[in-house]
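For reference, the structure is listed below as structure tokens.
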Amino acid sequence: MWVNTMQGSFGIILAEDETTGERTLYAGVIAGFDQQADEQTILSWGNRVNLEMLRGLLARAKKRESDER
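Offset between the sequence shown (1-based) and this note's numbering: plus 8.
And the structure:
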């Protein structure tokens, strides 16, 4: 997933370990012009996404969305 802003671009990718099959989300700042280069940049320099924190944010967003209905 790529997000573009006036200040630049960032992406979130899902990486899978070929040996263990473990999947991990990584996020990072990217150039935004070449998907393969961006993915490699995120794998090399990006940060691991804290899934518990992300789940919490999504739950709060869903709650807010249902409150507005």
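The C-beta atom is built at its ideal place from N, Cα and C for all residues, glycine as well.
- For Glu60, the secondary structure class from DSSP, reduced to helix, strand or coil, is helix.
- In this structure, Val57 and Ala35 form a Cβ contact; the two beta carbons are roughly 5 angstroms apart against a cut-off of 8 angstroms.
- For Thr13, the enclosing beta strand (DSSP E) stretches over residues Trp10 to Thr13.
- DSSP lists Val11 and Val37 as the bridge partner or partners of Phe18.
- Taking 8 angstroms as the cut-off, the Cβ atoms of Gly29 and Ile50 do not count as close.
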